[in-house]
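Accompanying notes for the structure given below.
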Amino acid sequence: MYCVKCGVELMKGVRTCPLCGTAVYHPDIDETPEAPLYPRSDGREETVSPSGILFVLTFLFLIPVIVCFLVDLRMNGRVDWSGYVYCGMGVLYALLCLPFWFRRRSAVVFIPVSFAAILLGALYICLKTGGRWFLSFALPVGGTLMVIVETAYVLCRYTVGRYPHRYLYIFSGVFFALGGLCVLIEFLLCETFGLTFRWWSLFPLAALILLGILLLVIAISRPLRQSLYKRLFL
Amino acid sequence: MQGGYKQEKGMTGEMTGQAKPPRWMRLDNAGLIFPAALRRNWSNAFRIAVSFADPVDPALLQQALDRVVLRFPGICVRLRESLFWHYLEEVPAPCVRQDADQPLVSMTHRDVRRCAIRILYYRNRIAAEFFHAVTDGTGGMIFTKNLAAEYVRLRYGIEVPCIGDIRDLSEEVPKEELRDSFGDHAGPVAAPRDPRNVFHLSGETEPDRFLHETMGILDAKDLLAAAHEKGVTVTGYLTAILLKCILDIQYERLGIPDRSDDPDAPIPAREAKRRKKLRPVKVQIPVNLRKLYGGCTMRNFVAVVNIGVDPRMGDYSLEELWKIVHHEMELGITGKNMRAIFTPNVMSERSRMLRIVPLPLKNLVMRMVFDTVGETVACTCLSNLGNVKLPQEMAPYVTRVEFILGPQASAPYNCSVTSWQGKTYLSIVRNSVKPELEARFFRTLVKLGHHVKIENNDRPEHAVRNGKGMHGAAAPCGGTECTV
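Those protein sequences? They're chains X and D, same order as listed.
Heads up: the first sequence begins at 1 in the working numbering, then just goes up one per residue.
Heads up: the second sequence begins at 235 in the working numbering, then just goes up one per residue.
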């Protein structure tokens, strides 16, 4: 059997030319199909539309928002306490649902987006309550945490591959950074709220540095890693 | 360090269940880039398959494999990493498995850490798939020939003489086979890298990255005669046709007519504007360096030349392309020029500054290098392993020999050629939906008077519609119990 368009000979029993898609099946010619080049597989899988689920979830998020809005409006005649609910639901929505609206999801983008949502929520609460802690406390702490999380994620995503012990290096770095963050938090708390610096942050700092060193030693020492794996594998 | 095996310090035999500690070796210069370039859904791999007259007996195949890997310790290896470099560590023979519904299912990091080769069987065919860091096409072909020879010995009880590429399995492994020959032949002059401004073949990728294989079977004598008539080698003949097809694809995308028949005709202003968008078209041709420098290494010893034309200079007819390809190949594929091509890589490997960079950082850099100066300097690749020769005693049992290259990271196509017993098997693989290049290519061959038979790995229509992965379609370990 030949393809009338391409002029190439085809495998016996094929119905279309693999090059141009032209139908080549002729009902008068009874050909025993040649064995396929590779084993056939079905590939049938049930599919669930993700956008349908997202619409339902969005609707579920909207229910408490609308209910709170109506109740608040009925009780106070304006948006009062329900603002906190919108804020909370908005942050939750940004964390749980927003990424799934996009076909190409990248945590590199959505980690900063999630932190931005949280910080916006904090800013709303700060403004609503008349506080002055957002710029001097929430923003630097949230920003630093975001940098740590984002860096850890990028390193895990692009440098680990199938060599899981690199996680040890990354997380040891994360522990060191978190230790530093504890000191920063205490410093900013004192600066913002006028508290006395009591050096409590040194305790988590010491613990986190010890954990970081431990992970680093395990990451560097292959026999130790293998020995630990031998004892701890599932 | 280079060349032979050395025992790995601190490693005990218990790790792989062997009595002796597993032997290891550094990656060769060409192989260094492949682990870094390895991606979740793409690996640089190739496949060599041998078909027999009768269905394959998996138990005998496993037995043959167990024997052959002892003679080729540099092939049956897994990829491992140290603080600064990847290295290969000897492993026992893997289990033979039934083939999947497509060739060259992507080798993941996990796969190559277990074993960097796969041995597959389906009906009357055995296939060996190699991660390119282990060996090149020539090395892979020698290994597969020996596996086939040992299988024929076991299956049919005949004596296959150890001539040509068939090795004596009882002999000691020569050190030359494990040498990284790049270092031995590097020179002082480094050739400049080719520019990247080439036309890139693209196409809608299969959602599950299903690999379509289209195998064109041609008469080898006809092809050789046609090539000689045009004054080129078979590789040159096919390369020119491939270049013409890629040029036509580029013209079609830009809406430009091919004016190679009438080059002096005036070009309208609008078309002239579009013609400025044309990009050079190049095909990468791997060159077996053993033929230029001698040696019998079983590791990578291959370098590539990029052959092509710049359509901004004008349109090219096939006759012109055959001449250009012939002269470019003659000029490019010489010992001195090839040495200058691979010397920069050897220099990079030897650089002390680069050597002390930790591997994770090195991987990032090498991946960037691969993405910028690796495959992106050509539109696709055409690799010809030539005419396969086997001892006369086993030839009657072998019906077919195939060579398939996996798709490139940057282009959806790759082409590979091999010949056996008067037939040339020309394989084009593609992970895009439309068979754009192969349709043009095989039609051109038909127009040139060649008889082409097409075979492909089509899949059921509902599977295409669903676009669901069937990568796991391979049956688990074949009908034989694994000896590992």
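Ideal placement from N, C-alpha and C gives every residue a C-beta, glycine not left out.
Taking only beta-carbon positions, decide if residue i is within less than 8 Å of chain D.
| i | result |
| --- | --- |
| residue 6 of chain X | yes |
| residue 159 of chain X | yes |
| residue 224 of chain X | no |
| residue 105 of chain X | no |
| residue 1 of chain X | no |
| residue 35 of chain X | yes |
| residue 41 of chain X | yes |
| residue 9 of chain X | yes |
How about residue i: is its C-beta nearer than 8 Å to some C-beta of chain X?
| i | result |
| --- | --- |
| residue 461 of chain D | no |
| residue 454 of chain D | no |
| residue 383 of chain D | no |
| residue 342 of chain D | yes |
| residue 377 of chain D | no |
| residue 268 of chain D | no |
| residue 680 of chain D | yes |
| residue 549 of chain D | no |
| residue 252 of chain D | The predicted position of residue 252 of chain D is uncertain, since its pLDDT is 45 and thus under 50; a value taken from the coordinates is nonetheless stated next. No, its Cβ sits nowhere closer than 8 Å to a Cβ of chain X. |
| residue 598 of chain D | yes |
| residue 419 of chain D | no |
| residue 688 of chain D | yes |
| residue 712 of chain D | Here residue 712 of chain D scores only 35 on pLDDT, less than 50, and its place in the model is too uncertain to base an answer on. |
| residue 347 of chain D | yes |
| residue 242 of chain D | With a pLDDT of 38 at residue 242 of chain D, under the threshold of 50, the predicted position of this residue should be treated as unreliable, though the coordinate-derived value follows. Not closer than 8 Å to any Cβ of chain X, the Cβ of residue 242 of chain D fails to qualify, so no. |
| residue 448 of chain D | yes |
| residue 321 of chain D | no |
| residue 544 of chain D | no |
| residue 594 of chain D | yes |
| residue 692 of chain D | yes |
| residue 553 of chain D | no |
| residue 438 of chain D | no |
| residue 486 of chain D | no |
Hey, could you find the ends of the alpha helix (DSSP H) residue i is sitting in?
| i | result |
| --- | --- |
| residue 114 of chain X | 107 to 129 |
| residue 146 of chain X | 139 to 155 |
| residue 676 of chain D | 670 to 681 |
| residue 633 of chain D | Element bounds for residue 633 of chain D: not the alpha helix (DSSP H) but the beta strand (DSSP E), 632 to 639. |
| residue 259 of chain D | Residue 259 of chain D -> not in any alpha helix (DSSP H); beta strand (DSSP E) instead, spanning 257 to 260. |
Take residue i as the anchor and find which of the options has the nearest alpha-carbon.
| i | options | result |
| --- | --- | --- |
| residue 314 of chain D | D:270, D:282 and D:332 | D:270 |
| residue 389 of chain D | D:289, D:678, D:588 and D:598 | D:289 |
| residue 284 of chain D | D:674, D:349, D:573 and D:624 | D:624 |
| residue 541 of chain D | D:521, D:551, D:517 and D:557 | D:517 |
| residue 667 of chain D | D:273, D:530, D:526 and D:443 | D:443 |
| residue 342 of chain D | D:489, D:498 and D:312 | D:312 |
| residue 779 of chain D | D:305, D:504 and D:355 | The structure shown does not extend to residue 779 of chain D, since chain D is modelled only from 235 to 718, so the question has no answer here. |
| residue 640 of chain D | D:365, D:266, D:344 and D:259 | D:365 |
| residue 636 of chain D | D:654, D:629, D:630 and D:436 | D:654 |
| residue 203 of chain X | X:141, X:178, X:7 and X:23 | X:178 |
| residue 535 of chain D | D:417, D:354, D:358 and D:392 | D:417 |
| residue 179 of chain D | D:394, D:373, D:401 and D:363 | This structure does not reach residue 179 of chain D, given that chain D is present from 235 up to 718, and the question cannot be answered. |
| residue 438 of chain D | D:670, D:412 and D:633 | D:670 |
| residue 484 of chain D | D:507, D:466, D:513 and D:476 | D:513 |
| residue 170 of chain X | X:190, X:213, X:136 and X:23 | X:213 |
| residue 649 of chain D | D:449, D:300 and D:379 | D:449 |
| residue 295 of chain D | D:492, D:318, D:379 and D:560 | D:379 |
Between which two residues does the beta strand (DSSP E) holding residue i run?
| i | result |
| --- | --- |
| residue 312 of chain D | 311 to 315 |
| residue 20 of chain X | Careful: residue 20 of chain X lies outside any beta strand (DSSP E) and carries neither H nor E. |
| residue 615 of chain D | 614 to 621 |
| residue 450 of chain D | 446 to 453 |
| residue 29 of chain X | Unbroken run through residue 29 of chain X: none, as it is neither H nor E. |
| residue 359 of chain D | 359 to 365 |
| residue 217 of chain X | Residue 217 of chain X -> not in any beta strand (DSSP E); alpha helix (DSSP H) instead, spanning 202 to 220. |
| residue 283 of chain D | 279 to 286 |
- Task: Please list the residues of the stretch 146 to 177 of chain X that have a C-beta atom closer than 9 Å to any C-beta atom in chain D, keeping them in chain order.
- Result: 155, 158, 159, 160, 161, 162, 163, 166 and 169
- Message: Beta carbons nearer than 7 Å to chain X: which residues of the stretch 293 to 313 of chain D have them?
- Response: none
- List in chain order: all unbroken alpha helix (DSSP H) runs of 4+ residues lying wholly within the stretch 522 to 606 of chain D. 524 to 527, 552 to 566, 569 to 584, 586 to 589 and 593 to 603
- Starting from the N-terminal side, write out each stretch of the alpha helix (DSSP H) that is 4 residues or longer and does not extend beyond the stretch 374 to 426 of chain D. 415 to 419
- Message: List, from N- to C-terminal side, the alpha helix (DSSP H) runs of 4 residues or more that fit wholly inside the stretch 462 to 516 of chain D.
- Response: 468 to 488 and 503 to 509
- Message: Along the stretch 11 to 27 of chain X, where does the CB come closer than 9 Å to a CB of chain D? Name the residues.
- Response: 11, 14, 16, 17, 18, 19, 20 and 21
- With 8 Å as the C-beta to C-beta threshold (strictly closer), list the residues of the stretch 348 to 365 of chain D near chain X in chain order. 356 and 357
- With 7 Å as the limit, tell me which residues of the stretch 650 to 680 of chain D have their beta carbon closer than that to any beta carbon of chain X; keep them in chain order. 669, 672, 673, 676, 677 and 680
- Interfacial residues, the stretch 324 to 341 of chain D to chain X, with Cβ spacing under 9 Å: 332, 333, 334, 335, 336 and 337
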